[in-house]
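Enquirer: Below is the structure I would like to discuss, written out as structure tokens.
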Amino acid sequence: MNINGALFLVLTNITFQNMFSVVNAFCLEQPIFLREHWNGMYRTDVYFLCKTLAEAPLLIFMTVLFTSILYWMVGLNSDYQAFLICLAIVILVANTAASFGYMVSCISGSLNIALSIGTPLLMPLLLFGGFYLNNASVPAYFIWIKYISWFYYGNEALTINQWSTIKNITCATPVACMPNGKFVISYLNFNEDNFIRDICVIVALMVFFRLLAFVSLLIRSSRKT
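In structure tokens form, the structure reads like this:
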């Protein structure tokens, strides 16, 4: 469970870091953009595309740096392929969190509102990410929340990547121990066959949130006051 906790901590840290850095920066820049847009300096689509592309390299670099340090410090799966896959998953999660931050910023329009609604929107997604609540114990009327949570898909993908190749687990203390990695995956109610699906859904959520952000900004920029 220590390793599973570390994996979920990576997702949580990366999400909060990227989401709120976007919210803090983008909300403060919106009044400047709107003024310059209404003065005819550039179109909304050009601004939004350039803004997101310009920030992507730094986002990816910081994500790779953070994950690389923590991965080997914690002692996760030593297979180099597993490390690269972990990096790819965390980068996708970081971009999805940034997309969510763009969406919250564009919908709210101000920093105070964005900060007020950002955390309440984020916490249910975090809670149903598969770590704090086991999937088998989630009430049926709340089960839909996990399907829109990148925490859930990222957690399942990282767990599969970490444990699927582990054939034997040795315990340092004389307590009941899970025998192998596949047992860990099954215990958490995850499925190895869902790995590709998890990656695809994370990408879909990233694109969906980014499109919602652009549409919201487009609507705001079309209403000149």
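According to the working numbering, the sequence shown is numbered sequentially starting from 14.
Note that CB positions come from ideal geometry on N, CA and C, so glycine has one too.
From a predicted model like this one, the values you see are computed outputs, not experimental measurements.
#1: Would Trp8 and Thr109 qualify as a contact pair, given that the criterion is a beta-carbon distance under 7 Å?
#2: Locate the alpha helix (DSSP H) running through Asp92, then write down its first and last residues.
#3: Any idea if Gln175 is buried or exposed, counting beta-carbon neighbours within 10 angstroms, 16 or more meaning buried?
#4: Do you know offhand how far Val216's Cα is from Lys195's?
#5: Which first and last residues belong to the alpha helix (DSSP H) in which Asp211 is found?
#6: From this set, Val214, Ile232, Leu146, Leu128, which residue's C-alpha is nearest Phe33's C-alpha?
#7: Straight-line CA distance for Thr76 to Ile126?
#8: Which same chain residues, not among the five before or five after Glu205, have their C-beta less than 7 Å away from its C-beta?
#9: Within its chain, find whatever has a CB closer than 8 Å to the CB of Gly122; leave out the 5 residues flanking it on each side and keep chain order.
#10: Rounded to the nearest angstrom, how far is the Cβ of Phe21 from that of Phe144, given a contact under 8 Å?
#11: Asn207: which of Gly114, Ala170, Glu68 sits nearest, CA to CA?
#12: For Ile82 and Ala19, what's the separation of their Cα atoms in angstroms?
#13: Give the straight-line distance between the Cα atoms of Ile161 and Met136, rounded to the nearest whole angstrom.
#14: With 16 as the cutoff for other CB atoms within 10 Å, does Asn31 come out buried or exposed?
#15: Can you check which of these residues, Asn52, Leu225, Met86, Ala101, is closest to Ile209 by C-alpha distance?
#16: Thinking just about the alpha-carbon of each residue, which of Trp85, Leu78, Met116, Leu62 is nearest to the one in Asn37?
#17: Cutting at 8 Å between CB atoms, please list the residues of its own chain near His50, excluding the five before and the five after it.
#18: Below 7 Å between beta carbons: does that hold for Val106 and Leu24?
#19: Just to confirm the assignment: which complete alpha helix (DSSP H) runs, minimum length 4, are found wholly within the segment 61–140?
#20: By the three-class DSSP mapping on this structure, what secondary structure does Asn13 have?
Expert: This is what the structure gives:
#1: Because the chain here runs from 14 to 238, residue 8 falls outside it and cannot be looked at.
#2: Unbroken run through Asp92: none, as it is neither H nor E.
#3: buried
#4: Inter-residue distance for Val216 and Lys195 is about 26 Å (C-alpha atoms, whole angstroms).
#5: 208–234
#6: Leu128
#7: 27 Å
#8: Ile173, Ser177, Ile198
#9: Cys40, Gln43, Arg233
#10: Phe21 to Phe144, Cβ: 4 Å. Contact.
#11: Ala170
#12: Ile82 and Ala19 have their C-alpha atoms some 13 Å from each other.
#13: 12 Å
#14: Asn31 should be labelled buried.
#15: Ala101
#16: Met116
#17: Arg56, Thr57, Tyr60, Ser234
#18: yes
#19: 93–121, 124–140
#20: This structure cannot speak to residue 13, because the chain is shown only from 14 to 238.
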